[in-house]
Amino acid sequence: MAYAHERPLVDSGDTYERAFGKSQKAWLRPFGRGDLPPYWQAVNDPEIARFTGHVPPLAFEEIEAWYAHCVMGKEGSLDRYFSVCAPGSEVFVGCVWLWNSNPLDGHCELSVFISDKSLWGTGIGTEAVRLAVEHAFDELGLEKVWLKVDAWNERAVRSYEKCGFETEGRLRRHRRTPEGWSDMLVMSVLRSA
Ligand SMILES: CC(C)(COP(=O)(O)OP(=O)(O)OC[C@H]1O[C@@H](n2cnc3c(N)ncnc32)[C@H](O)[C@@H]1OP(=O)(O)O)[C@@H](O)C(=O)NCCC(=O)NCCS
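Note that the sequence shown covers residues 1234 to 1426 in my numbering.
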């Protein structure tokens, strides 16, 4: 299914040829090489890293290596890496990944963060997740999208619930954070849900 709002992207560093998701609350476009500086800045922000599990400091070279291996290197797979933009803009304000894809069993993992903290709580992240899940089912033909989230991250858990995710289980003491051990929830949404 082609989206009516699809259009060419101008950045030749982009990994996919077309943007696919636009709504009143969020636009998605392919994550490109030009997004590496703001992405690098975000994953090194302790306030964001607390939620995402990144462990700063990360060198820019590490981010470039990740991009080469995971984003460019996974072309041909069902993994998709998207930048989140405010409607009407192409400026990177966050990202949502469909990664760890398993075409045999029809599922992939989702990760998301909004790097512009002034947008937290505005619904843009929830909309980005909704668009990505729609893409996973309608464009990639997957049956299930799953994720891991810190049990204490109430905003994220609520955001995922609003997108149809249900909790599958609890991974006890699954992540070591600066504040101590963190339980993680495994959540998923099914195509038929
Ligand atoms: C998690 C994230 C993607 C959610 O996107 P968002 O656009 O901010 O989410 P929303 O504004 O739709 O809020 C989601 C729900 O959480 C609630 N919420 C907002 N701020 C909250 C807070 N500080 N604590 C608890 N709940 C909160 C909202 O009220 C909303 O629920 P409701 O619609 O039933 O009222 C975004 O906040 C983010 O990037 N956070 C930092 C990184 C992160 O946590 N990533 C996920 C790692 S697994």
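Every residue gets a Cβ at the ideal spot worked out from N, C-alpha and C, and that includes glycine.
query: Any heavy atom of ligand 1 closer than 6 Å to the Cβ of Glu1295?
result: no
field: Euclidean distance between Cα positions of Phe1293 and Asp1268
entry: 12 Å
message: Please identify the residue among Leu1331, Leu1380, Trp1260 whose C-alpha is closest to the C-alpha of Glu1323.
response: The residue among Leu1331, Leu1380, Trp1260 with its C-alpha nearest the C-alpha of Glu1323 is Trp1260.
message: Tell me whether Ala1389, by its Cβ, gets closer than 6 Å to a heavy atom of ligand 1.
response: yes
Exposure label - Thr1248; buried when at least 16 CB within 10 Å: Here the model assigns Thr1248 a pLDDT of 38, short of 50, so the residue's position is not dependable, and the following value carries that caveat. Burial call: buried.
- prompt: Can you pull the DSSP bridge partners for Cys1328?
  reply: Ser1316, Phe1346
query: Can we say the region 1272–1289 touches the region 1330–1337, given the rule of at least three CB pairs closer than 8 Å?
result: no
message: Is Ser1392 a contact residue of ligand 3, with contact defined as CB to any heavy atom under 6 Å?
response: In the structure shown, ligand 3 is absent; the only ligands present are ligand 1.
message: Buried or exposed, going by whether 16 or more other CB atoms sit within 10 Å of the CB of Trp1414?
response: exposed
For Pro1270, three-class secondary structure by DSSP: Assignment of Pro1270 by DSSP, reduced to helix, strand and coil, places it in the helix class.
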